[in-house]
Amino acid sequence: MPKPSTSKKARTEMPNRYHNLPPKLTLTQERPSMRKFNEENERIKRRYLQYLKAAKRKDSSTVLKAAEGILRFESSTGFASFKRFRIEQAVKFQERLNEEVSKTTGQPLSKSSIRSILAANKDLFFWLAGESGYKSRIRHSDADYFNMDAKGARVAGTSRETPYPSMEMARHAFSYMPEVTDIDRRNKALFAFLMLTGARDGAVASLRLNHINMFDKCVYQDAREVKTKASKSITTYFLPIDTDYLTCLKAWVVYLKEVALFGPDDPLIPPLKIEPVEGEFQVVGFERHIYKNANAIRAVIKEAFRRADLPPFTPHAFRKSLVKWADTAYPTREAFKAFSQNIGHSSEVTTISAYCPVSIERQGELIKSPRKA
Numbered sequence: 546m547p548k549p550s551t552s553k554k555a556r557t558e559m560p561n562r563y564h565n566l567p568p569k570l571t572l573t574q575e576r577p578s579m580r581k582f583n584e585e586n587e588r589i590k591r592r593y594l595q596y597l598k599a600a601k602r603k604d605s606s607t608v609l610k611a612a613e614g615i616l617r618f619e620s621s622t623g624f625a626s627f628k629r630f631r632i633e634q635a636v637k638f639q640e641r642l643n644e645e646v647s648k649t650t651g652q653p654l655s656k657s658s659i660r661s662i663l664a665a666n667k668d669l670f671f672w673l674a675g676e677s678g679y680k681s682r683i684r685h686s687d688a689d690y691f692n693m694d695a696k697g698a699r700v701a702g703t704s705r706e707t708p709y710p711s712m713e714m715a716r717h718a719f720s721y722m723p724e725v726t727d728i729d730r731r732n733k734a735l736f737a738f739l740m741l742t743g744a745r746d747g748a749v750a751s752l753r754l755n756h757i758n759m760f761d762k763c764v765y766q767d768a769r770e771v772k773t774k775a776s777k778s779i780t781t782y783f784l785p786i787d788t789d790y791l792t793c794l795k796a797w798v799v800y801l802k803e804v805a806l807f808g809p810d811d812p813l814i815p816p817l818k819i820e821p822v823e824g825e826f827q828v829v830g831f832e833r834h835i836y837k838n839a840n841a842i843r844a845v846i847k848e849a850f851r852r853a854d855l856p857p858f859t860p861h862a863f864r865k866s867l868v869k870w871a872d873t874a875y876p877t878r879e880a881f882k883a884f885s886q887n888i889g890h891s892s893e894v895t896t897i898s899a900y901c902p903v904s905i906e907r908q909g910e911l912i913k914s915p916r917k918a
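Counting in our numbering, the sequence shown runs from 546 upward without gaps.
Shown next, in the form of structure tokens:
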């Protein structure tokens, strides 16, 4: 089992006694005398957020983002009652968002962030227009005042080329990962698994040993237990990219089963078990429950690339690396369709449009030289 440690890597997974509290909402700067909430608004917001979660079946993270967007609008009006809504409030709110600076980046809010905030409020007011006590004061058309202008909407919807590691860069980062402790071996197995499957980090964080089939070299992402996108069950076969990745993963699964004595319901990538020892928190082993989110997994992968003096790529960037590789490795339509299915896409069109966009330069080359294409 891992030796006691208080390294930086370990401290990133230290328990927080406030972990059950909701994330702090980001508010714009307020005057000390300003009201912090409106009881009437809070009651109707609670009903609306419950509607989003229970009736519209929105994910908890989506509901939280909606709540944050609505809170921004309330703050801009001094927490006035929704029943006293005026068109001018929505207009001034948009102006305020366009001038606001992000506390995280120090830059103006991105158009996509503004669009998300406005959409949260538009949906709320459209819903309020049909609710008792509000429908005599708010019309459905009032929600349209939260629409973004056409130019801003185009900017918000523009796709950008996201960086991703080449297969060689990933292999280089993998080779630089240490294998001294069990924590090191866990981290290296995590990297290997992501390269073999292209699985999303949220799914990997919730995988258990019973989802892994080392005989057939595949993983069954069961949506009943695994946090897959759109709650879709996915059978993913390990990609034949590098035998070192498979060897590393095999050794880790053997360690969990034969040394750590993990059972089928225990996690494939277990969180660190941290307990107070002689007055300070130290790593004393691995937990037998899955991660609550993928933050620690993302941190491990970023650190692996930093160690190799490479940009801190995220686990999701691996998906683009693998799609680029598959574009050559699986040249037939049927083979590429199989690969697309393997990473959880219902259609290869989704794979190509999301991960293989044609750059403007390449577009020009192909159009000018059709025979070479």
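Backbone N, C-alpha and C define an ideal beta-carbon position, used for all residues, glycine too.
Could you give the residue range of the alpha helix (DSSP H) that holds C763?
It is not in any alpha helix (DSSP H) - C763 instead sits in the beta strand (DSSP E) that spans C763 to Q766.
By the DSSP assignment, the beta strand (DSSP E) with K777 in it spans what residues?
Where K777 is concerned, there is no enclosing beta strand (DSSP E), given that its DSSP letter is neither H nor E.
Within the continuous beta strand (DSSP E) that includes L817, where are the two ends?
L817 to V822
Which residues in the same chain as K598 place their Cβ atom closer than 6 Å to its Cβ, once the five residues preceding and following it in sequence are excluded?
V608
Could you tell me the distance, in whole angstroms, from the CA atom of I842 to the CA atom of A734?
11 Å
According to DSSP, simplified to helix, strand and coil, what is A728?
This sequence places Ile at residue 728; Ala is not what is there. Helix at I728.
What is the rounded straight-line gap between the Cα of G747 and the Cα of S606?
13 Å
Roughly how many angstroms separate the alpha carbons of F624 and F582, rounded to a whole number?
6 Å
Quick check: the Cα distance between P560 and E832, rounded to an integer number of angstroms?
Residue confidence is low: P560 scores 44 on pLDDT, short of 50, so the model does not pin down where it sits. Its coordinate-derived value is still stated next. Between P560 and E832, the C-alpha separation is close to 12 Å.
Is the beta carbon of S621 closer than 8 Å to that of F638?
yes
Is S891 near the ligand NAD, with its Cβ less than 7 Å from a heavy atom?
Only the bare structure without any ligand can be found here, which leaves the ligand NAD out of the picture.
Could you tell me whether the Cβ atoms of A688 and K680 are closer together than 8 Å?
no
In whole angstroms, what is the alpha-carbon distance linking F630 and R745?
42 Å
Which residue comes first and which comes last in the beta strand (DSSP E) that contains Y652?
Reading the sequence as shown, one finds Gln at residue 652 and not Tyr. Element bounds for Q652: n/a, residue is neither H nor E.
Quick test of the definition: if touching needs 3 or more C-beta pairs under 8 Å, does the stretch 760 to 769 touch the stretch 874 to 883?
no
Would you tell me roughly how many angstroms separate the C-alpha atoms of T571 and T859, rounded to the nearest one?
The predicted position of T571 is uncertain, since its pLDDT is 40 and thus under 50; no value can be drawn from it.
What residue ranges within the stretch 800 to 866 form continuous beta strand (DSSP E) runs of no fewer than 3 residues, ordered along the chain?
817 to 822 and 825 to 831
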